[in-house]
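In our numbering, the protein residues as written are 433 to 548.
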């Protein structure tokens with residue numbers, strides 16, 4: 433059997449996105465086992481309302497799209513001439529160290545103490 437490849441496995445270039453619930457606890461039945469070699473960003477991914485008359489959704493795909501939206505807003509903000517944020521090196525977001533440090537600096541420890 434061939435090796436299975438997925439983007440977050442490349443821990444030097446990618447960050448894993450985990451699903452959390454509304455009280456910042458890991459969605460254990462949705463997430464892969466955490467990898468100590470990389471940072472994983474937890475984003476809410478349970479009970480997501482897509483439409484009022486549709487069932488609530490859940491999963492890491494929803495967490496990833498929310499995290500990608502947040503990353504896009506950070507990148508957009510870094511390119512603005514006004515309202516620069518002191519202490520965040522947003523101009524160098526294409527470097528993995530900076531891409532990791534910005535969300536880690538904004539992160540809150542999970543309520544179950546398993547992740548930050």
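Quick reminder that beta carbons are idealized off the backbone N, C-alpha and C, glycines included.
Neighbourhood of residue i by C-beta distance below 6 angstroms, restricted to the same chain and skipping five residues each side
| i | result |
| --- | --- |
| residue 495 | 449, 451, 475, 477 |
| residue 482 | 489 |
| residue 502 | none |
Residue i versus residue j - alpha carbon distance
| i | j | result |
| --- | --- | --- |
| residue 425 | residue 492 | There is simply no residue 425 to check, as the chain begins at 433 and stops at 548 in what is shown. |
| residue 509 | residue 473 | 20 angstroms |
| residue 507 | residue 498 | 14 angstroms |
| residue 489 | residue 446 | 25 angstroms |
| residue 458 | residue 500 | 19 angstroms |
| residue 460 | residue 484 | 26 angstroms |
| residue 486 | residue 453 | 19 angstroms |
Of the residues the options, the one placed nearest residue i, counting alpha carbons only
| i | options | result |
| --- | --- | --- |
| residue 479 | 501, 507, 500, 455 | 455 |
Beta-carbon contacts of residue i that lie in its chain and below 7 angstroms, excluding the five residues immediately before and after
| i | result |
| --- | --- |
| residue 463 | 450, 451, 492 |
Legend entry - beta strand (DSSP E) segments (min. 3 residues) lying fully within the segment 448-496: Complete beta strand (DSSP E) runs here, min 3: 448-452, 472-476.
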